[in-house]
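In terms of the UniProt record's numbering, the sequence shown opens at residue 770 and continues consecutively. Yeah, the Cβ is synthetic: ideal placement off N, Cα and C, and Gly gets one too.
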Amino acid sequence: RSKENGRGQFSFFSIDMNCKVAVQRQMTEGMRNSLAAGEFYLEYQPRFDARGRHIRSAEALVRWAHPERGRISPAEFIPLAEQNGLIVPLGDWIMRTACETATHWHGIGVSVNVSPVQFRDADFVQKVRDCLEETGLEPSLLELEVTEGILLEDADRAISLLKELKKVGVTLAMDDFGTGYSSLSYLRNFPFDVIKIDRSFVSDLDRKESARPIVQAILGLGRALGISVTAEGVETNEQLAILTADHCNEVQGFLLARPLRAEQVAELLQEMPELAVRNRPQRLAS
Ligand code: C2E
Ligand code: MG
Ligand code: MG
Ligand code: MG
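What follows is the structure, encoded as structure tokens:
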């Protein structure tokens, strides 16, 4: 498989299990070096209003340009970075870079994925504050995307951390909603502003009869609780049409825009200012 992908991607999962530990150790070393050498970079995938017409914000997605192996997917190296702890310095760099970048976007927000391991870091909230203060980004323009992973270990601590983050003024999103053990009580007890419907439901919308009622139920829940709903992984016009008809608040996916380099986003916003919608709304009135 790694051959088939050529220079583009390297999959260490394809390697014989016997070598796996050695390979992981090597990857860890490589990751540490790459972090120091600046071989990680961010792409930003625009998020659009319900009709897919205006950009409201963009999600930062980390990429690893490995000197020999080419581009490695975050789906491969994030889990390893979580195991070896490098997600903490990497995550700090991601958040700072994303915030700095968004200060050039004149009112378009940025969202950053936060790993449960970063969330465990006792300094996390202070780091968010410092990052906003040092980059000068308006707190409401930073959205943190977390998965239910943060809620599983110590739910009480997670609630109090999320509440502290709300006080800082950032926006909170529950990512990949509907997968894993996402529970309805999370939405009642945790101060989320946004739910992101997992791509698996969205991609089934034009393929499986059962997908639409599930998406509608999530949308209804969001509406009832005053939580904005974003659909991720929108790839077809049909999916978009269904989501628009069902009053989804925001859409994101390859149909609308692929993840782009920071300069491309800036160009897009400059060349087509009508694409941008500034001052994204906070928690909807319920
Ligand atoms: P995620 O946060 O759910 O991000 C969405 C993923 O779906 C991204 O993959 C994005 O490129 C991809 N995607 C967006 N639209 C479409 C579409 O229309 N079709 C398809 N097939 N895919 C689409 P990516 O960049 O490979 O990231 C995968 C996962 O890795 C992310 O899922 C997130 O969990 C994690 N990740 C990425 N960047 C970061 C980061 O900076 N920090 C942390 N902690 N995790 C990250
Ligand atoms: Mg995300
Ligand atoms: Mg997601
Ligand atoms: Mg995901």
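Backbone secondary structure at residue i - three-state DSSP
i: Asp945; result: strand
i: Gly905; result: coil
i: Ala827; result: strand
i: Val886; result: helix
i: Leu1025; result: coil
i: Thr797; result: helix
i: Lys832; result: It is Arg, not Lys, that sits at residue 832 in the sequence shown. Reduced to three states, the DSSP call for Arg832 is strand.
i: Ala891; result: coil
i: Val897; result: helix
i: Gly775; result: Note that Gly775 has pLDDT 48, beneath the 50 cutoff, so the model's placement of it is unreliable and no number is given.
i: Val1003; result: coil
i: Glu1019; result: strand
i: Cys788; result: helix
The beta strand (DSSP E) enclosing residue i, as first and last residue numbers
i: Ser979; result: From DSSP, Ser979 is part of no beta strand (DSSP E); its letter is neither H nor E.
i: Tyr813; result: 809-818
i: Ser880; result: 878-882
i: Ser842; result: From DSSP, Ser842 is part of no beta strand (DSSP E); its letter is neither H nor E.
i: Val1034; result: Unbroken run through Val1034 is the alpha helix (DSSP H), 1031-1040; no beta strand (DSSP E).
i: Leu910; result: Counting along the chain, Leu910 falls outside any beta strand (DSSP E), and DSSP gives it neither H nor E.
Residue i to residue j span [Cα, whole Å]
i: Trp833; j: Gln895; result: 27 Å
i: Ala844; j: His873; result: 28 Å
i: Phe888; j: Ala942; result: 14 Å
i: Ser954; j: Ala1000; result: 21 Å
i: Gly807; j: Arg981; result: 43 Å
i: Leu990; j: Cys1017; result: 11 Å
i: Ser909; j: Ala993; result: 22 Å
i: Leu921; j: Phe970; result: 23 Å
i: Gly799; j: Val792; result: 10 Å
i: Leu988; j: Pro815; result: 21 Å
i: Glu1019; j: Arg898; result: 27 Å
i: Val998; j: Gln852; result: 31 Å
i: Arg865; j: Met796; result: 24 Å
i: Thr904; j: Ile964; result: 27 Å
i: Glu1043; j: Glu1036; result: 13 Å
i: Gln1033; j: Ile877; result: 14 Å
i: Ala1045; j: Ile841; result: 31 Å
i: Met1041; j: Gly938; result: 29 Å
i: Tyr813; j: Glu837; result: 24 Å
Beta-carbon proximity list for residue i, same chain, < 8 Å, skipping 5 on both sides
i: Gln1039; result: none
i: residue 729; result: Lying outside 770 to 1055, the shown extent of the chain, residue 729 is not represented and no answer is given.
i: Ile1011; result: Leu974, Asp975, Arg981, Val984
i: Phe934; result: Residue identity differs from the one stated: residue 934 is Leu in this sequence, not Phe. Val894, Val897, Leu913, Leu941.
i: Asp890; result: Val857, Lys896
i: Leu811; result: Ala829, Leu830, Val831, Arg832, Ile863, Thr866, Ala867, Thr870, Ala1031
i: residue 761; result: In the structure as shown, the chain begins at 770 and stops at 1055. Residue 761 is therefore absent and cannot be evaluated.
i: Ser826; result: Pro815, Arg816, Ile877, Gly878, Val879, Ser880, Leu910, Glu912, Arg1049
Segment limits, alpha helix (DSSP H) that includes residue i
i: Trp862; result: 856-871
i: Ser929; result: 924-937
i: Ala1000; result: Here Ala1000 belongs to no alpha helix (DSSP H); instead the beta strand (DSSP E) covers 997-1000.
i: Leu1012; result: 1006-1014
i: Leu956; result: 953-958
i: Val971; result: 968-973
Residues of its chain near residue i, where Cβ-Cβ distance is below 7 Å and the 5 sequence neighbours each way are ignored
i: Ala1005; result: The question names Ala, but residue 1005 in the sequence shown is Thr. Correct list, in chain order: Asp975, Leu1024.
i: Asn958; result: Ile928
i: Phe961; result: Leu941, Ala942, Met943, Ile996
i: Asn882; result: Glu914, Asp944
Chain-order list of residues whose beta-carbon lies under 6 Å from that of residue i (same chain, five-residue window excluded)
i: Ser1055; result: Residue placement at Ser1055 is poorly supported in this model, since its pLDDT is 39, which falls under 50; the coordinates are not used for a value here.
i: Arg968; result: Glu1001, Gly1002
- prompt: What is the chain-ordered set of residues for which the beta carbon lies under 6 Å from any non-hydrogen atom of ligand 2?
  reply: Glu828, Asn882, Glu914, Asp944
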